[in-house]
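Colleague:
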Amino acid sequence: MSRGVTSIVALTVPLLLLLVPRASAVEEYGVWDSKFTGTLSLIQGEDGGSCGYGKTNGVPPYNLPTIAISSKLYENGTGCGACYAVQCVKSQMCRQDKIVAVTATSECIGQPRSGICRPGKKGIIMSPWVYDQIVKNRVAGNIRVRLARIPCRRRGGLVFKPVMGTDYFIGVLILNAAGPGGIASVHMKVGAAGWQPMARNFGGVWSVSGVKVIGVPISFHVVGAIKKYSVTALNVLPATWRVNGTYVFAKNFPITE
Numbered sequence: 015m016s017r018g019v020t021s022i023v024a025l026t027v028p029l030l031l032l033l034v035p036r037a038s039a040v041e042e043y044g045v046w047d048s049k050f051t052g053t054l055s056l057i058q059g060e061d062g063g064s065c066g067y068g069k070t071n072g073v074p075p076y077n078l079p080t081i082a083i084s085s086k087l088y089e090n091g092t093g094c095g096a097c098y099a100v101q102c103v104k105s106q107m108c109r110q111d112k113i114v115a116v117t118a119t120s121e122c123i124g125q126p127r128s129g130i131c132r133p134g135k136k137g138i139i140m141s142p143w144v145y146d147q148i149v150k151n152r153v154a155g156n157i158r159v160r161l162a163r164i165p166c167r168r169r170g171g172l173v174f175k176p177v178m179g180t181d182y183f184i185g186v187l188i189l190n191a192a193g194p195g196g197i198a199s200v201h202m203k204v205g206a207a208g209w210q211p212m213a214r215n216f217g218g219v220w221s222v223s224g225v226k227v228i229g230v231p232i233s234f235h236v237v238g239a240i241k242k243y244s245v246t247a248l249n250v251l252p253a254t255w256r257v258n259g260t261y262v263f264a265k266n267f268p269i270t271e
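So the sequence shown is residues 15 to 271, counted in the numbering used here.
(1) Measure how close the beta-carbons of Val245 and Phe267 come, nearest whole angstrom, since I'm counting them as under 8 Å.
(2) Quick check on Tyr98: does DSSP put it in helix, strand or coil?
(3) Counting beta carbon pairs with one atom in the region 215 to 224 and one in the region 141 to 155, are three or more of them shorter than 8 Å?
(4) Which residue from Gly95, Ala115, Val153, Phe183 puts its Cα closest to that of Gly238?
(5) State the DSSP-derived secondary structure class of Pro142, mapped to helix, strand or coil.
(6) Quick one: Cα of Tyr98 to Cα of Phe183, how far?
(7) With three or more beta-carbon pairs closer than 8 Å as the criterion, would you say the region 158 to 172 touches the region 186 to 203?
(8) Is DSSP giving Tyr182 helix, strand or coil here?
(9) Pairs of beta-carbons, one from the region 127 to 144 and one from the region 103 to 111, closer than 8 Å: are there three or more?
(10) Going by the CB atoms, is the gap between Glu121 and Ile83 shorter than 8 Å?
(11) Alpha helix (DSSP H) containing Lys86: first to last residue?
(12) Assuming Ser244 is part of the beta strand (DSSP E), what are its boundary residues?
(13) Could you tell me the distance, in whole angstroms, from the CA atom of Arg152 to the CA atom of Ala264?
(14) CA-CA distance, Gly63 and Ile123?
(15) For Lys112, which residues from the same chain have a beta carbon less than 8 Å from its beta carbon, with the 5 sequence-adjacent residues on both sides left out?
(16) Mapping the DSSP letters down to three states, classify Gly91 as helix, strand or coil.
(17) Report the option in Val236, Arg256, Ile269, Thr260 whose CA atom is closest to the CA atom of Thr92.
(18) Using a Cβ-Cβ cut-off of 7 Å (strictly less than) and excluding sequence neighbours within five positions of Gly205, which residues of its own chain qualify?
(19) Drop a sphere of 10 angstroms on the beta-carbon of Pro194, count the other beta-carbons inside from all chains shown, and report buried for 16 or more, exposed for fewer.
(20) Contact check, Val114 vs Gly179 under 8 Å by CB: the rounded distance?
(21) Taking Ile157 as part of the beta strand (DSSP E), name the residues at either end of that continuous run.
(22) Under a three-way DSSP split, which group does Ile57 fall into?
(23) With DSSP as the reference, please indicate the residues paired to Thr117 in a beta bridge.
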């Protein structure tokens with residue numbers, strides 16, 4: 015799976031509520047450069063982008079409002095699943111007062127000496143759906159957007175999806191995080207054993223090796239990007255868990271506005 019791509023993953027289930035008019039910003043980032051990608055294969059997520067969400071067109075838990083974020087916000091994967099308010103500014107092409115809530119589903123990678131996503135640059139890449147909401151007509155080149163981090167509002171609890179697994183290895187994708195959206199750390203407990211830290215394999219995928227994981231229930235302690243938020247999902251993976259299965263926990267991070 016590619017870990018550094020400029021694609022936008024269109025994840026399609028209405029679990030992100032478009033809350034911008036009543037959401038207060040967690041952090042204001044000012045005005046950034048942006049553009050959209052119109053390649054259908056990229057929008058559908060052939061490789062899922064660097065967050066590891068896979069080809070998810072028509073699959074939970076996100077929707078068409080998605081963006082790829084520069085390394086400044088991606089933070090080696092902590093930015094996966096984070097939510098932002100995007101508004102077009104400083105152009106006659108802007109739809110006045112139109113603000114869209116979006117989810118970060120990939121890192122945008124630029125050329126070393128050019129491009130809005132090059133290291134240190136304030137840039138994002140939008141899906142065409144997002145672009146069309148904030149701009150009257152598609153134009154060549156970049157547009158300026160005001161970007162702000164906002165709390166994520168989700169329906170339901172955290173979603174755990176084992177995407178890799180053998181007798182002594184497991185890799186788990188964690189989805190649908192509310193509140194901070196991003197995840198800072200994860201610990202795992204196998205059966206009645208003690209808690210042990212998981213490593214970020216890439217993007218939103220966390221892994222552990224060297225411990226028997228087949229045929230036993232598995233629990234997770236997940237800490238949000240805002241570290242005061244955490245969820246302990248006891249035995250969320252049953253002893254019969256399988257790779258590519260989807261397991262939903264009843265609780266999620268709190269939403270703060």
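We put the CB at the ideal spot given by N, CA and C, even for glycine. Please read all numbers here as calculations on a predicted model, not as lab measurements.
Modeller: Straight from the coordinates:
(1) Locating residue 245 in the sequence shown gives position 231, counting from the first residue. Locating residue 267 in the sequence shown gives position 253, counting from the first residue. The Cβ separation is near 6 Å, so the contact holds.
(2) Along the sequence shown, one-based indexing puts residue 98 at 84. Three-state DSSP puts Tyr98 in a strand.
(3) no
(4) Along the sequence shown, one-based indexing puts residue 238 at 224. Looking at the Cα atoms, Gly95 is the closest of the given residues.
(5) Taking the sequence shown and counting its residues from 1, the one referred to as residue 142 is at position 128. Looking at Pro142 - three-state DSSP - the assignment turns out to be helix.
(6) Looking up residue 98 in the sequence shown gives position 84. Looking up residue 183 in the sequence shown gives position 169. Looking at the two C-alpha atoms, the distance is approximately 34 Å.
(7) yes
(8) For the purposes of this step, residue 182 is taken as the residue at position 168 of the sequence shown. Three-state result, Tyr182: coil.
(9) no
(10) Within the sequence shown, the letter at position 69 stands for residue 83. Within the sequence shown, the letter at position 107 stands for residue 121. Taking 8 Å as the Cβ cut-off, Ile83 and Glu121 qualify as a contacting pair.
(11) Translated into positions along the sequence shown, residue 86 becomes position 72. Segment 85 to 88, the alpha helix (DSSP H) holding Lys86.
(12) By 1-based counting over the sequence shown, the position of residue 244 is 230. First-last of the beta strand (DSSP E) with Ser244: 244 to 251.
(13) Indexing the sequence shown from 1 puts residue 152 at position 138. Indexing the sequence shown from 1 puts residue 264 at position 250. C-alpha separation (whole angstroms): 41 Å.
(14) Indexing the sequence shown from 1 puts residue 63 at position 49. Indexing the sequence shown from 1 puts residue 123 at position 109. Each residue's alpha carbon lies about 11 Å from the other.
(15) Counted from its first residue, the sequence shown places residue 112 at position 98. Excluding residues within five positions, the ones whose Cβ falls inside 8 Å are Gln101, Cys102, Gln147, Ile148.
(16) As a working mapping, residue 91 is identified with position 77 in the sequence shown. In the structure shown, Gly91 sits in a helix (DSSP, three-state: H, G or I).
(17) To locate residue 92, count along the sequence shown from 1; it is residue 78. Thr92 has its Cα closest to that of Val236, out of Val236, Arg256, Ile269, Thr260.
(18) Sequence index remark: in the sequence shown, residue 205 carries index 191 (1-based). Contacts found: Val230, Pro231.
(19) In the sequence shown, residue 194 corresponds to position 180, counting from 1. Buried: at least 16 other Cβ atoms inside 10 Å.
(20) Your numbering for residue 114 matches position 100 in the sequence shown. Your numbering for residue 179 matches position 165 in the sequence shown. Not confirmed; about 37 Å, so no contact.
(21) Position 143 of the sequence shown, counting from 1, holds the residue named residue 157. First-last of the beta strand (DSSP E) with Ile157: 157 to 164.
(22) Position 43 of the sequence shown, counted from the first residue, corresponds to residue 57. Bear in mind that the predicted position of Ile57 carries a pLDDT of just 35, short of 50, making it too unreliable to give a figure here.
(23) Here the question's residue 117 lines up with position 103 in the sequence shown. Partner(s): Thr80, Cys97.
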